[in-house]
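Numbering (the UniProt record's numbering), first residue to last: 16 to 512. Here a beta-carbon is modelled for each residue, glycine too, at the ideal position from N, C-alpha and C. Owing to the predicted nature of the structure, the values given are computational and were not obtained by experimental measurement. Data block below; observations after.
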Ligand code: GDG
C-alpha cells in the first residue's frame, strides 16, 4: 500500500462488519487457510485499522466447531492490504449455524434487502428471523467489546473509534454503547449504510422499525451514500420515534445526545482500476460494439428490464443487428434464497428467447456469463466496451458505474448509462440517465449512446473521470473520519502524503 494513500485516524479503530476482510477455508488436511477479499472498501479501511493497531470484528465465511481454533496468518505471497492485519487483531464472530442462517438469509437478505430497496412485496416479515437478528447483533456487540478491552490507547484522552457497517448490524451499536459505558471505556461510534434508506412509508412496514432506529441512533454519526437517504432516515426518526430533528443540518436528538447524519458517497480505488485497464489484455474483437452489464444476479439490478430494453433496441433500430452485442456478466449471489433462484431461471429463459429470435450464423445479440471474472478480465471489458449499462431499479450507490469510467482510458471513450434510482445516478451528472422501467425510452437512450459523436463522448467521460478520481475510496474513508471528528491532519502525522 502506497503511504500517500494511507489515511490515519487520531486513535485506534475497530471495524465491525458481517464479513471479515478475508474468508477462512478448510483444506483437505483439516487445516485452515485465509483468502483475502479484494474489494475497494477493504483496501481503503484496512490500512487505517492496521496503522492504529486496531481490530476487525466479523464472520469468517465458515462455521468453526471449535471457537478457540487458532486463525492462520495471511499467506506470505498475499499482496492484499489485509496482509498486515495480524490474526490476534481479528475477532472471529461465531454464531450457531441455524441462528446464523435465519439472521443472514432470513432477516438480512429476505427482509431488509428488499424492504430497503423499496420492494416491500418481496420482503417477508417473520418474528423468528427478527429474533435471530437480535441475537446475532448482540453476539457481534459482545465480540466488539472484547476488542475494545484489548485496544491499545496511547493516552487517557484518546477515544477509540468503532465503525459499524451495513444493514446486517443495525442494532449492534446499542449494546456496544451500553457495555462500554458499564465498563467505563470511552468510545465513538459511527455507522455506514451501504444500501438505500427507504422513505418512511416503506420503512414503517417493518414491524420492529422503532428498534432499528434506536439501534442506529446509539451511534454518534450515521453515514449514507446520498442526501435523500439521510433525509429519509431523519424523517423516520421524527415520525416513528418523535425525535426532535434538524433537517437542514441533518441532526437528530435522541437519548439526550445529538446524532449527526451525513451523506458520504463511496468511491472506488480509481488509480488501481486505471492501472488494471492499462495492463489488461485485449479480450473483445473490435468489429462489434459491446454494451456491457456487470452485476450480482439480484432483482434490484434491473436485469430483466435491461434485456427487454436491448430487445426493443434491436426491434426499433435494425441498423444495430450484427453490429452490437450485449455482454452481461451476472455474478451468482445468495443462491440459497428462492427469489434469486427464480431470477436465474427467468434470465436463462429470456436470454434464450431473445437470442433465438435474432441470432444469425455469424452473430448472437446477447453473450451471457453466469459466473465471476478476474479483475483483469473485468478491467479489459470495462475499457473496451462502447457502452456501460448500469440500470438498477434501486441501488445504494453502484460501484460498477465508477469502475467503468475509471477504466475508460481509450480515446475516444465509450458512454455510461445510469439509472436515476442508483446513488451513482445522483452524482454522475454527465452520464446518460435512463429510467429502467420505461423500456421504450431505455432503448432510445442506448441508441443515443451507440451513435453519440466522439467529441461529446470525450467531454462527458472527462468530467466523469475527473470527479471519480478526486472522490475515490480513500477520500471516502477520510470523509468518514472527518465527519467523526477523528481525522489526523497532515500537520500532526508525517505518514499522510
Ligand atoms: C453494495 C450496494 C454499493 C462484479 N462482478 C465481478 C466483480 N464485481 C464487483 C464489482 C464491484 C462489486 O462487485 C459490485 O459492487 P456494486 O456497488 O455494484 O453492488 P453491491 O454488491 O450490491 O454493493 C451498492 C456498494 O455496496 C458499496 O457501498 O455501491 O449500492 O448494493 O466492485 O467490480 N468483481 C470480480 N469479478 C466479477 O465478475 N472480480
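Note that the region 76-90 touches the region 32-52; at least 3 beta-carbon pairs, one per stretch, sit closer than 8 Å. Along the region 269-353, the alpha helix (DSSP H) occurs as fully enclosed runs of 4 or more residues at 285-294 and 318-331, listed in sequence order. A distance below 8 Å separates the beta carbons of residue 204 and residue 188. Taking non-hydrogen atoms of the ligand GDG into account, the C-beta of residue 183 is found less than 7 Å away from none of them.
Going by C-alpha positions, residue 497 is about 13 Å away from residue 63.
Inter-residue distance for residue 220 and residue 91 is about 49 Å (C-alpha atoms, whole angstroms). Linking residue 41 to residue 104 through their CA atoms gives a straight-line distance of about 21 Å.
For the options 457, 171, 391 and 402, the alpha carbon positioned closest to that of residue 408 is the one of 457. Apart from sequence neighbours up to five positions away, the residues of its chain that approach residue 411 with a beta-carbon distance below 7 Å are 209, 210, 211, 240 and 438, ordered along the chain. For residue 410, the CB falls within less than 7 Å of some heavy atom of the ligand GDG. Its Cα nearest to that of residue 268, the residue 254 stands out among 280, 279 and 254. Counting along the chain, residue 174 sits inside no beta strand (DSSP E), nor does DSSP assign it H or E at all. Cβ neighbours of residue 149 within its own chain (closer than 7 Å, five residues either side excluded): 186.
In the three-state DSSP reduction, residue 195 falls in the helix class (H, G or I).
Short note on residue 418: C-beta closer than 7 Å to some heavy atom of the ligand GDG.
Distance from the CA of residue 359 to the CA of residue 385, rounded to the nearest whole angstrom, comes to 9 Å. In the three-state scheme derived from DSSP, where H, G and I count as helix and E and B as strand, residue 110 is classed as coil. Ranked by how close their Cα comes to the Cα of residue 314, the residues 31, 469 and 451 have 451 in first place.
When beta bridges are read from the DSSP output, residue 206 appears opposite 179 and 237. Distances between the C-beta of residue 54 and the heavy atoms of the ligand GDG include at least one below 7 Å.
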